[in-house]
Every structure is written in C-alpha cells, then in structure tokens.
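Colleague: In our numbering, the protein residues as written are 1025 to 1315.
Positions of the beta carbon are idealized from the N, C-alpha and C atoms, including for glycine.
(1) With which residues is residue 1121 paired in a DSSP beta bridge?
(2) For residue 987, report the span of its alpha helix (DSSP H) as first-last.
(3) Quick check on the DSSP output: what are the complete beta strand (DSSP E) runs of length 3 or more inside the region 1123-1188, in order along the chain?
(4) Quick check: what's the CA-CA separation for residue 1138 versus residue 1102?
(5) Considering only heavy atoms of the ligand MN, does any lie closer than 7 Å to the CB of residue 1103?
(6) Is the CB-CB distance between residue 1096 and residue 1075 below 8 Å?
(7) For the candidate residues 1285, 1130, 1188 and 1157, whose alpha-carbon lies nearest to that of residue 1271?
(8) Kindly list the residues whose CB is nearer than 8 Å to the CB of residue 1165, restricted to its own chain and excluding five residues on each side of it in sequence; keep chain order.
(9) For residue 1064 and residue 1198, I'd like the C-alpha separation in whole angstroms.
(10) With DSSP run on the structure shown, which of helix, strand or coil describes residue 1209?
(11) Starting from residue 1283, trace the alpha helix (DSSP H) both ways and give me its first and last residue.
(12) Whose C-beta lies closer than 7 Å to the C-beta of residue 1239 among residues of the same chain, with five residues either side of it excluded?
(13) So the candidates are 1061, 1245 and 1287; which of them puts its Cα closest to the Cα of residue 1228?
(14) Does the Cβ-Cβ distance between residue 1274 and residue 1247 come in under 8 Å?
(15) Using only CA atoms, which one of 1314, 1194 and 1111 lies nearest to residue 1231?
(16) Going by beta carbon distance, what residues of the same chain come within less than 6 Å of residue 1245, once the five residues before and after it are set aside?
(17) Rounding to the nearest angstrom, what Cα-Cα distance links residue 1220 and residue 1129 in this structure?
(18) Are the region 1133-1152 and the region 1057-1071 touching by the rule of at least three beta carbon pairs closer than 8 Å?
(19) Between the beta-carbon of residue 1125 and the beta-carbon of residue 1109, is there less than 8 Å?
(20) Using beta-carbon positions only, say whether residue 1079 and residue 1072 come within less than 8 Å of one another.
(21) Quick check on the burial criterion: 16 or more other C-beta atoms within 10 angstroms. Buried or exposed for residue 1302?
(22) Going by the beta-carbon positions, is the gap between residue 1133 and residue 1175 smaller than 8 Å?
(23) Please state whether DSSP places residue 972 in a helix, a strand or coil.
(24) When the Cα atoms are used, what is the spatial distance from residue 1033 to residue 1048?
(25) My output table needs one value for residue 1391: the three-state DSSP class, helix, strand or coil.
(26) Which whole-angstrom value is the C-beta distance of residue 1099 and residue 1168, which I expect to be below 8 Å?
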C-alpha cells in the first residue's frame, strides 16, 4: 500500500493518535508509555484506512472522519494487547518487537488496553464536525463490534476451541476479526450520512473482506516467517487450533480468500469505485499480502 493518498491518510491518523493519546494524564507514567508503545508502534492502519476511504468514495471530507479513524485504531490496539496476554494467545512478539506485556508487565499491559478502549469512545465523542446523531450511532457501532456480539464473543469461541468446521470458523472470524473491519467501513459511511443502498453494498464489502483478511492471516501463520510478519508463526499449530488453513489446506483457503475478495470488489463497483482507485487496489493487496 504505497499509494500516495494512503500514505497521506496514514500520516494524518498517526498525528491524530499522537494528539489524542497526549491528552491523557495518569499518576503512573508506565500506563501512558504502554499506551503509546502499543497504539503508536506501527501497523498497517487498515481499519483507519477503511474509514477514510469509504468516507472519500462517498463524497466526504477526511477531517470529518478523523476521530472515527483514530478511535478504531485505539480499539484495535487494545484488542492486540489483550490477545497477546498469557491468559489469551500468549504471544511474546508483536510488530517485530516485544508484546506490551513483555515490555511493561502483565498488569500494566492489561490497564493500558483498558485505557485505550475507553479513550476510543472519548475520541469518538470529540467529533464536532458531524451531527450528534451520527456520532451517537458511531458509538453504538464501535461498542457492538468490540463487545460480546463482536471481538469478545469471537475471542471466547477461539480460546474455547469450539470452532472446528468451516461454518463454525466463519462465524467465529466474522466476530473476532470481521466485526471491527465492518465497523470501520460503517463508520466511514456514517461520516457522510450514506443512504441505505450504499450502506448495504458497504456491508457486503465488509463481510467479504473481513473474512478474506482472516483467512489470509491463517495462511500466513503456516507459510510466513516471524521476520516478515513481526509476530510468531506456527502458534495455531502449536496450540492445535483449527483454522481455515488447517481445515481446508492452504491452497483451498487461498482460493476461498480470493473468491471473497472478488465479492468485495464487486460491491465496490456497485459503489462506482474504479479499478485504479486506491481502495480497490488496497482490497486486492489484502488478499495477497505477505504480512
């Protein structure tokens, strides 16, 4: 994703994240350091890019959606901190450096994640460019995506190991990974007051690309390297977790990811997005990414 527009969006999001995290005060500087370490420590910013690109293709202004883009990255960072904890996925490496709990200890990591989650909602509420009803709906969307109907519910299924079939894995991934990706797309639509027809196509896109993204993640856990991914590989196999890659095999899993990507691209075409549009190109890249 070297497109100049996407690069500009990422720079805008980084500045917004730095600005909003800098507003926080705490008697324990370690919590603030851990927050910055996690949310400003790199990453592809895919969710923020989805917010801003859907805002753009539907005729909006990026500044109207910046709080939404920053908030969803805070929520994502919180989820990664907690996912890496020993009681969850127990991963020591994230984005090529020690996981938050390895750098700051489990207690501080837990609290930093909690603080980023609450800061996400505070950041949403800072949006004064849009109508209050739009901001309130954004709060509802993010809360639902992060809670028991979304990430938390999906993570529960994951740690209990009850998803064994393709259908069960699909349901789990639509919550654990797909919910926040869909939320990003919907926040972009909300920022321009999109009509029902546009929102329906956006939902089709989000459901397809969210699942394709997770399938590609599963494949990379098998064929990728720690150096490329910046996180441990093979952990799913070590924990004997069923994934799309283990249930279908990597070739069939990739075929499914490509099929889902075509569905997402068809939805973009319904929204009059051209093949040379940065969002279209980003969508194609997500299915073939190496990290």
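Modeller: Based on what the coordinates show:
(1) Translated into positions along the chain shown, residue 1121 becomes position 97. DSSP lists 1118 as partners of residue 1121.
(2) What is shown of the chain runs 1025 to 1315, which leaves residue 987 out entirely.
(3) With a minimum length of 3 residues, no continuous beta strand (DSSP E) run stays inside the region 1123-1188.
(4) Numbered from its first residue, the chain shown carries residue 1138 at position 114. Numbered from its first residue, the chain shown carries residue 1102 at position 78. If I take the Cα positions, the gap works out to 7 Å.
(5) Of ligands this structure carries none, so the ligand MN is not represented either.
(6) Counting from one through the chain shown, the residue named residue 1096 turns up at place 72. Counting from one through the chain shown, the residue named residue 1075 turns up at place 51. Yes, they are a contact pair.
(7) Residue mapping note: residue 1271 aligns to position 247 of the chain shown, counting from 1. Residue 1271 has its Cα closest to that of 1188, out of 1285, 1130, 1188 and 1157.
(8) Here residue 1165 corresponds to residue number 141 of the chain shown, with the count starting at 1. Result list for residue 1165: 1207, 1210, 1211 and 1214, in chain order.
(9) Walking along the chain shown from the start, residue 1064 turns up at place 40. Walking along the chain shown from the start, residue 1198 turns up at place 174. Spanning the two alpha carbons is a distance of roughly 26 Å.
(10) Here residue 1209 is taken as the residue at index 185 of the chain shown, counted from 1. Helix.
(11) Within the chain shown, the letter at position 259 stands for residue 1283. That run of the alpha helix (DSSP H) goes 1274-1294.
(12) Here residue 1239 is taken as the residue at index 215 of the chain shown, counted from 1. Excluding sequence neighbours, residue 1239 sits near 1268, 1277, 1280 and 1281.
(13) Numbered from its first residue, the chain shown carries residue 1228 at position 204. It is 1287 whose Cα lies nearest to the Cα of residue 1228.
(14) The sequence position of residue 1274 within the chain shown is 250, counting from 1. The sequence position of residue 1247 within the chain shown is 223, counting from 1. Yes, these two residues count as a Cβ contact at 8 Å.
(15) On the chain shown, residue 1231 is found 207 positions in, with the first residue counted as 1. Nearest option by C-alpha distance: 1194.
(16) Against the chain shown, residue 1245 aligns to sequence position 221. Contacts found: 1257 and 1260.
(17) As a working note, residue 1220 is residue 196 in the chain shown. As a working note, residue 1129 is residue 105 in the chain shown. Cα to Cα, the separation comes out at about 46 Å.
(18) Touching, yes.
(19) Residue 1125 sits at position 101 when you count from the first residue of the chain shown. Residue 1109 sits at position 85 when you count from the first residue of the chain shown. Taking C-beta atoms as the reference points, residue 1125 and residue 1109 count as a pair closer than 8 Å.
(20) In the chain shown, the residue the question calls residue 1079 occupies position 55. In the chain shown, the residue the question calls residue 1072 occupies position 48. No; because the gap between Cβ atoms is not below 8 Å, this pair is not in contact.
(21) Counting from one through the chain shown, the residue named residue 1302 turns up at place 278. Counting Cβ neighbours within 10 Å, residue 1302 comes out buried, since at least 16 surround it.
(22) Locating residue 1133 in the chain shown gives position 109, counting from the first residue. Locating residue 1175 in the chain shown gives position 151, counting from the first residue. No, they are not a contact pair.
(23) This structure cannot settle anything about residue 972, because the visible part of the chain is limited to 1025 through 1315.
(24) Here the question's residue 1033 lines up with position 9 in the chain shown. Here the question's residue 1048 lines up with position 24 in the chain shown. Cα-Cα distance, rounded: 24 Å.
(25) Residue 1391 is absent from the structure shown; the chain starts at 1025 and stops at 1315.
(26) Translated into the one-based positions of the chain shown, residue 1099 becomes position 75. Translated into the one-based positions of the chain shown, residue 1168 becomes position 144. In fact, because the Cβ distance is near 12 Å, the residues do not count as touching under 8 Å.
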